[in-house]
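Asks: Can you keep this structure in mind? I'll have questions shortly.
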Amino acid sequence: MTNTFVIIPNFNNQRDIVSCLKSLIKAYPKIKIIVVDNGSTDRSVEAINLLRYEEVELIKNEANLGFAKATNIGLKLALKRGAKDVLLLNPDTLPSRGFLEPLLANSAEIVGPVLKFKRAGRWVYDFGGKVNFWIGRTSHDEYRTDNIKHLKSPDYVSGACMLIRRKVLEKIGFLDERYFLFFEDSDFCLRAKKAGFKVALEPKSVMIHNLSEGKKKPLYYFYHLLRSNLIFINSWLPFYRRPVAYLYLWFLALKMLLNRF
């Protein structure tokens, strides 16, 4: 694992990033980590520095540049440092010993684990994502058990935990920075598949993803969700399917607005 780098973008996730780093270092004491902080104002930077982990290289952006751009800063630095494999990781994940080896052993060029999170007090298991090419929406294969006998091949794996081989980045480039937040992972995986690379879900690897439940989402969340969805539609749907996708997006926007207020 000497040539594997972990990239963690962070924005105002002080508690999560500290827990994530502690878990990751405990599981893999010598792994190289690059944290890219997007101008956090919640003392995330101070909290990371207090950990005094030699394995962690902290990049401090002066402003929030978005998930894709922050991740790309880390990716470019990792390649410059000689990375053979790069693991994208969200700060609200909890790595544990044994999750990484199955990802590295998988023959696919892009690999994701089963993401495990709680919904309404019960564990839910995410087995990768699908793209609806009629309306330009993405969804996840979610189950109440991790014992799935017939796994479907995913269209994409979540950027919350995604292992990428160096040759993928060298051939197709980095995340599309038009996506400030959302859809950058599905777009990247589709580009990789179009270039002939394999995207896979590794069932032997399981990662806890601490998704926030019940909290009222801020308006910028909906803005970027809809904006990124529009970019995704224009990037991946043929012209004759876009009118239906636009109508569906308007419907979603209205539904979100009514639910928000």
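The numbers in my numbering rise by one with no breaks, and the one at position 215 of the sequence shown is 203.
Yeah, the Cβ is synthetic: ideal placement off N, Cα and C, and Gly gets one too.
1) Considering only the alpha carbon of each residue, which of Ser200, Arg69, Tyr167 and Val102 lies closest to Ser84?
2) Nearest CA to the CA of Leu139: which residue from Gly147, Asp129, Ser146 and Ala148?
3) For Ser32 and Leu39, I'd like the C-alpha separation in whole angstroms.
4) If you run the structure through DSSP and keep just helix, strand and coil, what is Leu103?
5) What residues in its chain sit with their C-beta under 7 angstroms from that of Phe87, if we drop five residues either side in the sequence?
6) Which value, in whole angstroms, describes the spacing of the CA atoms of Pro142 and Tyr228?
7) Less than 7 angstroms between C-beta atoms, sequence neighbours within five positions excluded: which residues of the same chain meet that for Leu218?
8) Can you give the Cα-Cα distance for Pro231 and Asn247, rounded to whole angstroms?
9) Can you tell me where the alpha helix (DSSP H) with Ile225 in it begins and where it stops?
10) For the alpha helix (DSSP H) holding Val6, just list the boundary residues, first then last.
11) Would you kindly work out how many angstroms separate the C-alpha atoms of Ala66 and Ala93, rounded to a whole number?
12) Could you pull out every residue in the same chain whose Cβ sits closer than 7 angstroms to the Cβ of Tyr167, ignoring the five residues on either side in sequence?
13) Whose C-beta lies closer than 6 angstroms to the C-beta of Glu50 among residues of the same chain, with five residues either side of it excluded?
14) Mapping DSSP to helix, strand and coil, what is Thr59?
Replies: On the basis of the supplied data:
1) Translated into positions along the sequence shown, residue 84 becomes position 96. Ranking Ser200, Arg69, Tyr167 and Val102 by Cα distance to Ser84 puts Val102 first.
2) Position 151 of the sequence shown holds residue 139. Comparing Cα-Cα distances from Leu139 to each of Gly147, Asp129, Ser146 and Ala148, the minimum goes to Asp129.
3) In the sequence shown, residue 32 corresponds to position 44, counting from 1. In the sequence shown, residue 39 corresponds to position 51, counting from 1. If you take the alpha carbons of Ser32 and Leu39, they lie about 11 angstroms apart.
4) For the purposes of this step, residue 103 is identified with residue 115 of the sequence shown, where counting begins at 1. It is a strand residue.
5) Your numbering for residue 87 matches position 99 in the sequence shown. Cβ within range, chain order: Pro101, Ser193, Val194 and Met195.
6) In the sequence shown, counting from the first residue as 1, residue 142 sits at position 154. In the sequence shown, counting from the first residue as 1, residue 228 sits at position 240. Taking the straight line from one Cα to the other gives about 25 angstroms.
7) On the sequence shown, position 230 is the one that residue 218 refers to. Hits under 7 angstroms: Leu237.
8) For the purposes of this step, residue 231 is taken as residue 243 along the sequence shown, with counting starting at 1. For the purposes of this step, residue 247 is taken as residue 259 along the sequence shown, with counting starting at 1. Looking at the two C-alpha atoms, the distance is approximately 24 angstroms.
9) Translated into positions along the sequence shown, residue 225 becomes position 237. Looking at the sequence itself, residue 225 is Leu, so the reference to Ile does not match. Careful: Leu225 lies outside any alpha helix (DSSP H) and carries neither H nor E.
10) Mapped onto the sequence shown, residue 6 falls at position 18. Residues Gln2 to Ala15.
11) Within the sequence shown, residue 66 is the residue found at index 78, counting from 1. Within the sequence shown, residue 93 is the residue found at index 105, counting from 1. Approximately 20 angstroms, taken between the alpha carbons.
12) Indexing the sequence shown from 1 puts residue 167 at position 179. Only Ala56, Asp175, Ser216 and Ile219 meet the Cβ criterion.
13) Working through the sequence shown from its first residue, we reach residue 50 at position 62. The answer, listed in chain order, is Gly27.
14) As a position in the sequence shown, residue 59 is number 71, starting the count at 1. Of the three classes helix, strand and coil, the one that applies to Thr59 here is helix, per DSSP.
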